[in-house]
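Q:
In the numbering used here, the protein residues as written are 21 to 100.
1. Using DSSP with H/G/I as helix, E/B as strand and the rest coil, what is residue 95?
2. Out of curiosity, what's the CA-to-CA distance linking residue 57 and residue 29?
3. Mapping the DSSP letters down to three states, classify residue 32 as helix, strand or coil.
4. Just how far apart, CA to CA, sit residue 64 and residue 40?
5. Please tell me whether residue 93 has its Cβ less than 8 Å away from any Cβ of chain D.
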């Protein structure tokens, strides 16, 4: 996989996008599931979202991923 992702700039960009998508879906799904079980609250996570915005870690792709993932968790209050 490493060789394939490094084979060209296009492949590198595609692999990076797939990794960003997978990690965002997994992270947000986990946060919403933990909130549903009462283990985590929105207040515990807000600082993390704010920190992410400050370091410039937010992209248009990530916005789209978050919106799509939250459709699966309509009761989840953990939103950036």
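Every residue gets a Cβ at the ideal spot worked out from N, C-alpha and C, and that includes glycine.
All values reported here derive from a predicted model rather than from experimental measurement.
A: The short version:
1. In this structure, residue 95 counts as coil in the three-state DSSP scheme.
2. Cα to Cα, the separation comes out at about 42 Å.
3. Looking at residue 32 - three-state DSSP - the assignment turns out to be helix.
4. Their backbone Cα atoms lie some 23 Å apart in a straight line.
5. In the structure shown, chain D cannot be found, because there is only a single protein chain.
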